[in-house]
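Undergrad: Structure in structure tokens, see below.
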Amino acid sequence: MHKYIYRFKCLSISLMFSIHYPILGQRPDCDFEVTLQVEALSGMRIREKPDVQAKIVGSAPYKSHVQACKEKFGQTTVEGINGFWRYVSFKNFKGYMWDGYTVPILVRESLSGSNISENETKALKALEDSKIEAENQHGHQKSVVQTEQGKKPNLQTSSGKSSIFQDVKFLTESYPYCEDVTKIDRTYYYYGIYLEDDYYHIRPIDLSIELRKDNPRGKMFFDIKPSNGDGTLFIIGLPEVFRDWKKIKNNDFILTQINRTLTPGVRLELYPYQPGESLGNIRLMTSGTVSTYVNDCPVVQNYRLQVELNVDVKEIFDITNQIQYFGKCGVPDIYWFGDLNQDGYTDFILVSEYPGFSVFTLFFSQPNEREKFKKVAEWQVEDCD
Numbered sequence: 001m002h003k004y005i006y007r008f009k010c011l012s013i014s015l016m017f018s019i020h021y022p023i024l025g026q027r028p029d030c031d032f033e034v035t036l037q038v039e040a041l042s043g044m045r046i047r048e049k050p051d052v053q054a055k056i057v058g059s060a061p062y063k064s065h066v067q068a069c070k071e072k073f074g075q076t077t078v079e080g081i082n083g084f085w086r087y088v089s090f091k092n093f094k095g096y097m098w099d100g101y102t103v104p105i106l107v108r109e110s111l112s113g114s115n116i117s118e119n120e121t122k123a124l125k126a127l128e129d130s131k132i133e134a135e136n137q138h139g140h141q142k143s144v145v146q147t148e149q150g151k152k153p154n155l156q157t158s159s160g161k162s163s164i165f166q167d168v169k170f171l172t173e174s175y176p177y178c179e180d181v182t183k184i185d186r187t188y189y190y191y192g193i194y195l196e197d198d199y200y201h202i203r204p205i206d207l208s209i210e211l212r213k214d215n216p217r218g219k220m221f222f223d224i225k226p227s228n229g230d231g232t233l234f235i236i237g238l239p240e241v242f243r244d245w246k247k248i249k250n251n252d253f254i255l256t257q258i259n260r261t262l263t264p265g266v267r268l269e270l271y272p273y274q275p276g277e278s279l280g281n282i283r284l285m286t287s288g289t290v291s292t293y294v295n296d297c298p299v300v301q302n303y304r305l306q307v308e309l310n311v312d313v314k315e316i317f318d319i320t321n322q323i324q325y326f327g328k329c330g331v332p333d334i335y336w337f338g339d340l341n342q343d344g345y346t347d348f349i350l351v352s353e354y355p356g357f358s359v360f361t362l363f364f365s366q367p368n369e370r371e372k373f374k375k376v377a378e379w380q381v382e383d384c385d
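The UniProt record's numbering numbers the first residue of the sequence shown as 1 and each following residue consecutively.
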């Protein structure tokens, strides 16, 4: 499997950038010489102008290929990641997209090496290096995640404070969303997960579901987002109000060091709030046999995904049968981890990629229940044509 550089930070972070705009109403004239692959798991926004405050006209999901112009419209730096605004074309959308969380996978000859930015050069080299490493890896990987000293977690039963977490909704911002919006329960209280100041903060939001004015004939597309803007990593819904949210240390720097794809042989130690030793830590472990690779996908037999938990004694739980979608390669990716249900133990989100759609699966820890790790929500997003 390719070991790609994964990025999924929200673009609501304060940005320092300079931009030059094309003449009002005039679109850049280019042959879209560059093909970019989106490496942000939450996708990349396509905007009306090269400005993070500009109107969103579309989005490109994770791993999608976007055609981009050689010309750049201003540089932006996000936490040390340099990128440029480019005029792009993706399906029926055309607009400006920041390329910091993308990698160029195809550059036509008309774009000479001297015109490729330093950021693109590094990305291309990283992509090629990952191919070489993947060939020697055979799907086996040791954990690089360590966890932090913490207090003994809250072991509350479903009759206590954690009862509101027994029925949870999960969704992501979508531009556009083309499935049945009536399945989204508007009676729930929704909370957005934001990355700010190196921490994930969970805040109440008003969920906005807006019908697009420029829908294709015979189709209904919607934009799903917080009413006061965008920038969430994901959104959860609860049947009751909850206020006692704890902030969670940004784990993106950890996940970018590893191959998120949970191929056989992976062992990951994940933490609820902060890196270090804690009773709330869990370990994800995968097993199975990889006989060969076909089109960069492992051919896996007897695949199992297990979770190790240490409360009073070490216990291992097999969650394989709870996963309905494994992705086009037969193994899911880890999207995010941290304590969402506020019991002091680590929860996690898997994402499974298919041609044309993605499926997110949210697992909650519940150490005081019979089923220690439970799939509580699932969310499917189509790549709308």
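Where a beta carbon is used, it is the ideal one built from N, C-alpha and C, also for glycine. Predicted model, so just to flag it, every value in this text is computed and none were measured.
1) Taking the alpha helix (DSSP H) that Asp-252 belongs to, which residues open and close that run?
2) Just reading off the beta strand (DSSP E) that Arg-260 is part of, what are its end residues?
3) On the three-pair Cβ rule with 8 Å, is the segment 294-308 touching the segment 268-283?
4) To the nearest angstrom, how far is it from the Cα of Gly-276 to the Cα of Ser-89?
5) Buried or exposed for Val-299, going by 16 or more other Cβ atoms inside 10 Å?
6) Since Asn-259 contacts Gly-338 with CB under 8 Å, what's their CB separation in whole angstroms?
7) Measure the CB-CB distance between Lys-372 and Gln-322 and report whether it falls below 7 Å.
8) Going by beta carbon distance, what residues of the same chain come within less than 7 Å of Phe-93, once the five residues before and after it are set aside?
9) Given a threshold of 16 other Cβ atoms within 10 Å of its Cβ, counted over all protein chains shown, does Arg-304 qualify as buried or as exposed?
10) From the DSSP secondary-structure annotation, give me the bridge partner or partners of Ala-377.
11) Quick one: what does DSSP say Val-331 is sitting in, helix, strand or coil?
12) Taking 8 Å as the cut-off, does the segment 216-232 touch the segment 243-250 (at least 3 CB pairs, one atom from each stretch)?
13) Measure the CB-CB distance between Ile-254 and Leu-171 and report whether it falls below 7 Å.
14) What residues are listed by DSSP as bridge partners for Ser-287?
15) Leaving out five residues before and five after Thr-289 in sequence, what residues of the same chain have Cβ atoms less than 8 Å from its Cβ?
16) Can you list, in chain order, the residues of its chain with a C-beta nearer than 6 Å to that of Val-107? Leave out the 5 residues immediately preceding and following it.
17) Taking only the alpha-carbon atoms, compute the straight-line gap between Thr-361 and Tyr-335 and give it to the nearest angstrom.
18) Taking the alpha carbon of Met-44 as the point to measure from, which residue in Phe-32, Gly-74, Gly-95 has its own alpha carbon closest?
19) Confirm, please, whether the CB-CB distance from Ser-352 to Val-359 is below 7 Å.
20) Are the beta-carbon atoms belonging to Tyr-191 and Ile-202 less than 7 Å from one another?
21) What did DSSP end up calling Phe-326 once you bin it into helix, strand or coil?
22) Does Lys-183 come out as helix, strand or coil in the three-state DSSP assignment?
23) Restricting to Cα atoms, I'd like to know which of Leu-262, Gln-67, Glu-196 is closest to Phe-326.
24) Of all the options Lys-314, Asp-347, Lys-219, Asn-295, which has the alpha carbon lying nearest to the alpha carbon of Lys-328?
25) Cα separation between Pro-239 and Asp-167?
26) Rounded to the nearest angstrom, how far is the Cβ of Glu-382 from that of Phe-357, given a contact under 8 Å?
27) With DSSP collapsed to three states, give me the class of Asn-281.
28) According to the neighbour-count rule (16 or more other Cβ atoms, all chains shown, within 10 Å of its Cβ), is Asp-333 buried or exposed?
29) Within its chain, find whatever has a CB closer than 7 Å to the CB of Phe-242; leave out the 5 residues flanking it on each side and keep chain order.
30) Once DSSP output is grouped into helix, strand and coil, what is the label at Asn-295?
31) In terms of alpha-carbon separation, which member of Val-38, Gln-380, Gly-344, Ile-319 lies closest to Asn-368?
32) Note down the Cα distance separating Val-181 from Ser-291, rounded to an integer number of angstroms.
33) In terms of residue numbering, what span does the beta strand (DSSP E) encompassing Gln-37 cover?
34) For Glu-48, which residues from the same chain have a beta carbon less than 7 Å from its beta carbon, with the 5 sequence-adjacent residues on both sides left out?
35) Measure the beta-carbon distance from Tyr-87 to Pro-28 and round it to whole angstroms, keeping in mind my assumption that it falls under 8 Å.
TA: Let's see:
1) 252-255
2) Note, Arg-260: premise wrong, no beta strand (DSSP E); not H, not E.
3) yes
4) Counting only the Cα atoms, Ser-89 lies some 44 Å from Gly-276.
5) Burial check for Val-299: the Cβ neighbour count within 10 Å stays below 16, so the residue is exposed.
6) Actually they are not in contact, since the Cβ atoms of Asn-259 and Gly-338 sit about 20 Å apart, beyond 8 Å.
7) no
8) Ile-46, Val-57, Gly-58
9) exposed
10) Leu-362
11) coil
12) no
13) no
14) Ser-287 is bridged to Arg-304.
15) Pro-264, Val-300, Gln-301, Asn-302
16) Leaving aside the five residues that flank Val-107 on each side, the residues in its chain whose CB is nearer than 6 Å to its CB run, in chain order, Val-34.
17) 9 Å
18) Gly-95
19) yes
20) Their beta carbons are under 7 Å apart, which means Tyr-191 touches Ile-202 by this criterion.
21) coil
22) Note: Lys-183 maps to helix in three-state DSSP.
23) Leu-262
24) With distances taken between Cα atoms, Lys-328 lies closest to Asn-295.
25) 7 Å
26) Sure, about 5 Å apart at Cβ, within 8 Å.
27) Secondary structure of Asn-281 (DSSP, three-state): coil.
28) buried
29) Ile-164
30) coil
31) Gly-344
32) 41 Å
33) 34-38
34) Ala-54, Lys-55, Val-57, Gly-95
35) 4 Å
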